[in-house]
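Next up, the structure:
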């Protein structure tokens, strides 16, 4: 069974640009969540989706948005990029919110 | 103040030693996760607990709901166990909140 796939693995953008990251969950998993990891703040929750509905949202500005499609694939978008958005963005999927998480390898975003 | 506190922040031990990493949280939770992150970023979910104790190979995780405390134990530690171990809690259906992690180094 294929694991959680995140694309791209690496991304370099300049300030003010926008970026879209993609996450394909394990087949059959309907819950997808997104996390930001930085050296200073550690792991922080961004969003959680279940069957195309956003269940929870973390304390991030409105520049961070996401969505989930009918096939459970998810995307997150960051607009008007700032230097502080440089981070590892991780996606995880699970059968439901009460089940174990399966993480992708992440997308490392560098904003210059 | 982080709602999830881990200790120690850093731990260095000799191969074969018994390892304990602790996690304390401040509110009632529906689930607690132990995660392992190796250099390079990949995160593996080790355990998800809501009560009692779970064991997988040389890893054991326990949780005491009344004391709001969980421990992760590694028996017969090995250099390949060197990683950052992260505790995360979920309150009801709310978002996961993460601890700051414990960096474990096992010396051969």
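Residue numbers (my numbering), protein chains in the order written: chain R, 955 to 1066; chain C, 718 to 825. Ideal Cβ placement from N, Cα and C applies to all residues, glycine included. All values reported here derive from a predicted model rather than from experimental measurement.
| request: Starting from residue 1056 (chain R), find everything on chain C with Cβ-Cβ shorter than 7 Å and list it in chain order. | output: For this step, residue 1056 (chain R) is matched to residue 102 along the first chain. Simply 762.
| said: Relative to the C-alpha of residue 809 (chain C), which candidate in C:801, C:749, C:727 has its C-alpha closest? | reply: Stepping through the second chain from its first residue, residue 809 (chain C) is reached at position 92. The shortest C-alpha separation from residue 809 (chain C) is found at C:749.
| request: List the residues of chain C that residue 1044 (chain R) touches, going by C-beta distances under 8 Å, in chain order. | output: The residue labelled residue 1044 (chain R) in the question sits at position 90 within the first chain. Within chain C, the residues near residue 1044 (chain R) are 758, 760.
| Is the region 778-789 of chain C close to the region 720-731 of chain C, with three or more CB pairs under 8 Å? | no
| request: Indicate whether residue 972 (chain R) and residue 1044 (chain R) have their beta-carbon atoms separated by less than 8 Å. | output: In the first chain, the residue the question calls residue 972 (chain R) occupies position 18. In the first chain, the residue the question calls residue 1044 (chain R) occupies position 90. No, the pair does not count as a contact, with Cβ atoms beyond the cut-off.
| said: Please identify the residue among R:1037, R:1066, R:1014, R:957 whose C-alpha is closest to the C-alpha of residue 1001 (chain R). | reply: Mapped onto the first chain, residue 1001 (chain R) falls at position 47. Per the Cα distances, R:1014.
| task | Could you tell me which chain R residues have their CB closer than 7 Å to the CB of residue 745 (chain C), listed as they occur along the chain? | result | Here residue 745 (chain C) refers to the residue found at position 28 of the second chain. Correct list: empty, because the minimum Cβ distance to chain R is about 15 Å.
| query | Do residue 738 (chain C) and residue 813 (chain C) come within 8 Å of each other at the CB atom, strictly closer than that value? | reply | Translated into positions along the second chain, residue 813 (chain C) becomes position 96. Translated into positions along the second chain, residue 738 (chain C) becomes position 21. Against a cut-off of 8 Å, the Cβ pair of residue 738 (chain C) and residue 813 (chain C) comes out as no contact.
| request: Could you tell me if residue 983 (chain R) is buried or exposed, where buried requires 16 or more neighbouring beta carbons within 10 angstroms of its beta carbon? | output: For the purposes of this step, residue 983 (chain R) is taken as residue 29 along the first chain, with counting starting at 1. By the neighbour-count criterion, in which 16 or more other beta carbons inside 10 Å mark a residue as buried, residue 983 (chain R) falls on the buried side.
| query | Along chain R, which residues have their Cβ under 9 Å away from the Cβ of residue 818 (chain C)? | reply | Numbered from 1 along the second chain, position 101 holds the residue referred to as residue 818 (chain C). Neighbours of residue 818 (chain C) on chain R, chain order: 996, 997.
| said: Quick check on the burial criterion: 16 or more other C-beta atoms within 10 angstroms. Buried or exposed for residue 964 (chain R)? | reply: The residue you call residue 964 (chain R) lines up with position 10 of the first chain. Residue 964 (chain R) should be labelled exposed.
| Can you name the residues of chain C whose CB is closer than 7 Å to the CB of residue 1060 (chain R)? | Residue 1060 (chain R) sits at position 106 when you count from the first residue of the first chain. Per Cβ cutoff of 7 Å: 758.
| So which residues on chain R does residue 750 (chain C) lean against when the C-beta distance must stay under 9 Å? | Counting from 1 along the second chain, the entry for residue 750 (chain C) is found at position 33. Ordered by position in chain R, the residues that pass the 9 Å Cβ test against residue 750 (chain C) are 1054, 1055.
| message | Please return the same chain residues whose Cβ sits closer than 8 Å to the Cβ of residue 989 (chain R), not counting the five positions on each side in sequence. | response | As a first step, residue 989 (chain R) is located in the first chain; it is residue number 35 there, counting from the start. Answer for residue 989 (chain R): 997, 998, 999, 1000, 1043, 1044, 1045, 1046, listed in chain order.
| Could you give the distance in angstroms between the alpha-carbon of residue 1048 (chain R) and the alpha-carbon of residue 1055 (chain R)? | Walking along the first chain from the start, residue 1048 (chain R) turns up at place 94. Walking along the first chain from the start, residue 1055 (chain R) turns up at place 101. Approximately 5 Å, taken between the alpha carbons.
| field | Residues bridged to residue 1029 (chain R) [DSSP beta-bridge criterion] | value | The residue you call residue 1029 (chain R) lines up with position 75 of the first chain. Paired residues: R:976, R:1021.
| request: Using three-state DSSP, classify residue 776 (chain C) as helix, strand or coil. | output: Counting from 1 along the second chain, the entry for residue 776 (chain C) is found at position 59. Three-state result, residue 776 (chain C): strand.
| task | State the CB to CB distance for the pair residue 795 (chain C) and residue 823 (chain C), rounded to an integer number of angstroms; the pair is presumed to be in contact (CB under 8 Å). | result | Here residue 795 (chain C) is taken as the residue at index 78 of the second chain, counted from 1. Here residue 823 (chain C) is taken as the residue at index 106 of the second chain, counted from 1. Confirmed, about 6 Å.
| Spatial distance of residue 970 (chain R) from residue 1033 (chain R) (CA atoms) | Locating residue 970 (chain R) in the first chain gives position 16, counting from the first residue. Locating residue 1033 (chain R) in the first chain gives position 79, counting from the first residue. Their backbone Cα atoms lie some 7 Å apart in a straight line.
| Regarding residue 1026 (chain R) and the ligand NAD, is the C-beta to nearest heavy atom distance less than 7 Å? | You won't find the ligand NAD in this model; it holds no ligand whatsoever.
| task | Quick one: give me the first and last residue of the beta strand (DSSP E) that residue 807 (chain C) is part of. | result | By one-based count along the second chain, residue 807 (chain C) stands at place 90. Here the beta strand (DSSP E) through residue 807 (chain C) covers 800-807.
| query | In its own chain, which residues sit with a C-beta less than 7 Å from the C-beta of residue 807 (chain C), not counting the 5 before and 5 after it? | reply | Locating residue 807 (chain C) in the second chain gives position 90, counting from the first residue. Closer than 7 Å at Cβ, skipping near neighbours: 746, 747, 748, 813.
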